[in-house]
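J.: The structure under discussion is supplied below as structure tokens; questions concerning it will follow.
In my numbering, the protein residues as written are 40 to 350.
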């Protein structure tokens, strides 16, 4: 239902005879005269993006996504200020990528392409015609900020902006001129900094450097950093990434108990170049255990062929 705050009028949007559906996402277009909403089937194999014109009380289907297994929901939908086009994310080619559509539901261009996934649509700089996003174009183990032209002329040639290896969470300014970067890796606790849109460092907001006064300083040298590696799946089609933690001062020839830590479901990832700190893993290392973490098929950020085997 859509409510007029001043007149307190309530308008109900009819979704048809099938009531056994989900309404997972609702979003206004930039003109505030049209409303977009997504309808997902009960089996989660069909997702329909629609718009509703408040004045004409008319619905329109922009696109329909289908999957033989399930469709992962996302928040990567941006309507441009021209009220003519929008950016949408889809896994239709096996990897989550960005697509540019007009409001007739016609595909203008695929903006990103390759055997890697987009994490999230971060910002659309309409003035300079750039699309910013976070993703895994370099490695599934790290998240970086990238940009591609809005023209869609080079979907496979994305430009990486963040420089330091690790995990970046990005918050762009409204003007698209700068962004806040929350960064960490296995050796660096989270740091927050301000950057220009091209990645140039402007200033620290929270350097969080491990100085003698830092809360983690008394324990930092006792933390065990992981060894990264990969195994081939039994069919030889996939690389399975792992992190291996070994207790300090291991004795040659001595056998050690091993804790194998996995998560067998979707939407999770354990093996990343991200700060973990003094967690349960470090405690078990101190008790003399080896800790082995593996992201099996079914875990996130590797594409549908990697994720769907758990279906």
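Each residue gets a CB set at the ideal place from its N, CA and C atoms; glycine is no exception.
Treat the numbers as computed from the prediction; the structure is a model and nothing was measured.
One question on the structure: do residue 94 and residue 72 come within less than 8 Å of each other, judged by their Cβ atoms?
T.: As a working mapping, residue 94 is identified with position 55 in the chain shown. As a working mapping, residue 72 is identified with position 33 in the chain shown. With contacts defined as CB atoms closer than 8 Å, residue 94 and residue 72 qualify as a contacting pair.
J.: Under 8 Å by Cβ, that's how I've got residue 178 and residue 158 pegged, so tell me the actual separation to the nearest angstrom.
T.: Translated into the one-based positions of the chain shown, residue 178 becomes position 139. Translated into the one-based positions of the chain shown, residue 158 becomes position 119. No, residue 178 and residue 158 are not in contact; Cβ-Cβ is about 13 Å, not under 8 Å.
J.: If you compare alpha carbons, which of 238, 255, 232 is closest to residue 244?
T.: Position 205 of the chain shown, counting from 1, holds the residue named residue 244. Taking only the C-alpha atoms, the option nearest residue 244 is 232.
J.: Using 7 Å as the cut-off, classify the Cβ of residue 163 as near or not near the heavy atoms of the ligand NAD, replying yes or no.
T.: Although the ligand NAD was asked about, the structure shown includes no ligands whatsoever.
J.: With DSSP as the reference, please indicate the residues paired to residue 60 in a beta bridge.
T.: Walking along the chain shown from the start, residue 60 turns up at place 21. Its beta-bridge partners are 80.
J.: On the three-state DSSP scale, how would you describe residue 198?
T.: On the chain shown, residue 198 is found 159 positions in, with the first residue counted as 1. Correct three-state label for residue 198: strand.
J.: Quick test of the definition: if touching needs 3 or more C-beta pairs under 8 Å, does the stretch 331-344 touch the stretch 304-313?
T.: yes
J.: For residue 218, which of helix, strand or coil comes out of DSSP?
T.: For the purposes of this step, residue 218 is taken as the residue at position 179 of the chain shown. In this structure, residue 218 counts as strand in the three-state DSSP scheme.
J.: I believe residue 120 touches residue 190 by the beta-carbon criterion, under 8 Å. Please report the beta-carbon distance rounded to the nearest angstrom.
T.: If you number the chain shown from 1, residue 120 lands on position 81. If you number the chain shown from 1, residue 190 lands on position 151. Actually they are not in contact, since the Cβ atoms of residue 120 and residue 190 sit about 17 Å apart, beyond 8 Å.
J.: Assign residue 41 to buried or exposed, taking buried as 16 or more other Cβ atoms, counted over all protein chains shown, within 10 Å of its Cβ.
T.: Locating residue 41 in the chain shown gives position 2, where the first residue counts as 1. So residue 41 counts as exposed.
J.: Based on the DSSP secondary-structure assignment, which residues constitute the bridge partners of residue 183?
T.: Numbered from its first residue, the chain shown carries residue 183 at position 144. The partner list for residue 183 (beta bridge, DSSP) reads 174.
J.: Straight-line CA distance for residue 130 to residue 347?
T.: Walking along the chain shown from the start, residue 130 turns up at place 91. Walking along the chain shown from the start, residue 347 turns up at place 308. Near 12 Å, if we compare the C-alpha coordinates of residue 347 and residue 130.
J.: Roughly how many angstroms separate the alpha carbons of residue 186 and residue 82, rounded to a whole number?
T.: Residue numbering aside, residue 186 sits at position 147 when the chain shown is read from its first letter. Residue numbering aside, residue 82 sits at position 43 when the chain shown is read from its first letter. Spanning the two alpha carbons is a distance of roughly 34 Å.
J.: Which class does residue 241 belong to by DSSP, given the choice of helix, strand or coil?
T.: Locating residue 241 in the chain shown gives position 202, counting from the first residue. Reduced to three states, the DSSP call for residue 241 is strand.
J.: Considering Cα atoms alone, identify which of 198, 117, 118 is closest to residue 152.
T.: Counting from one through the chain shown, the residue named residue 152 turns up at place 113. Out of 198, 117, 118, 198 has the C-alpha closest to the C-alpha of residue 152.
J.: Do you know offhand how far residue 335's Cα is from residue 225's?
T.: Here residue 335 refers to the residue found at position 296 of the chain shown. Here residue 225 refers to the residue found at position 186 of the chain shown. Distance between the alpha carbons of residue 335 and residue 225: 21 Å.
J.: Secondary structure at residue 348, three-state DSSP: helix, strand or coil?
T.: The count along the chain shown starts at 1 and reaches residue 348 at position 309. Helix at residue 348.
J.: Does the beta-carbon distance from residue 180 to residue 280 come in below 8 Å?
T.: Locating residue 180 in the chain shown gives position 141, counting from the first residue. Locating residue 280 in the chain shown gives position 241, counting from the first residue. Closer than 8 Å, so yes.
J.: In this structure, does DSSP put residue 257 in helix, strand or coil?
T.: As a position in the chain shown, residue 257 is number 218, starting the count at 1. Residue state, collapsed to three classes: helix.
J.: So if DSSP puts residue 128 in a beta bridge, which residue, or which two residues, is it bridged to?
T.: Taking the chain shown and counting its residues from 1, one reaches residue 128 at position 89. For residue 128, which the question treats as bridged, DSSP gives the partners 137.
J.: Enumerate, from N- to C-terminal direction, the unbroken beta strand (DSSP E) stretches of 3 or more residues contained entirely within the stretch 260-310.
T.: Counting whole runs of 3 or more residues, the stretch 260-310 contains the beta strand (DSSP E) stretches 266-271, 278-284, 297-301.
J.: Smallest Cα separation from residue 99: which of 215, 263, 287, 55?
T.: Looking up residue 99 in the chain shown gives position 60. Selected option, being the one with the closest Cα: 55.
J.: With a Cβ-Cβ cutoff of 8 Å, do residue 291 and residue 327 count as a contact?
T.: The residue you call residue 291 lines up with position 252 of the chain shown. The residue you call residue 327 lines up with position 288 of the chain shown. No. Outside cutoff.
J.: My assumption, with CB atoms under 8 Å, is that residue 259 sits in contact with residue 234. Please give the rounded CB distance.
T.: Taking the chain shown and counting its residues from 1, the one referred to as residue 259 is at position 220. Taking the chain shown and counting its residues from 1, the one referred to as residue 234 is at position 195. The Cβ separation is near 26 Å, so there is no contact.
J.: Going by alpha carbons, who is nearest to residue 302 out of 223, 333, 50, 80?
T.: Here the question's residue 302 lines up with position 263 in the chain shown. Checking every option, the nearest Cα to that of residue 302 belongs to 333.
J.: Based on the DSSP secondary-structure assignment, which residues constitute the bridge partners of residue 227?
T.: Working through the chain shown from its first residue, we reach residue 227 at position 188. In DSSP, residue 227 forms a bridge with 224.
J.: Are any of the Cβ atoms in chain D nearer than 8 Å to that of residue 178?
T.: Here chain D cannot be found, since the structure has a single protein chain.
J.: Measuring CB to CB, does residue 170 end up less than 8 Å from residue 200?
T.: Taking the first residue of the chain shown as 1, we reach residue 170 at position 131. Taking the first residue of the chain shown as 1, we reach residue 200 at position 161. It is not a contact, given that the beta carbons lie outside the stated cut-off.
J.: Identify every residue that forms a DSSP beta bridge with residue 251.
T.: For this step, residue 251 is matched to residue 212 along the chain shown. DSSP lists no partner for residue 251.
J.: Which same chain residues, not among the five before or five after residue 64, have their C-beta less than 6 Å away from its C-beta?
T.: On the chain shown, residue 64 is found 25 positions in, with the first residue counted as 1. Counting only Cβ-Cβ distances below 6 Å, and skipping sequence neighbours, we find 77.
J.: What is the rounded straight-line gap between the Cα of residue 47 and the Cα of residue 79?
T.: Start at 1 with the first residue of the chain shown, and residue 47 comes out as number 8. Start at 1 with the first residue of the chain shown, and residue 79 comes out as number 40. Rounded to whole angstroms, residue 47 to residue 79 spans 29 Å at the Cα level.
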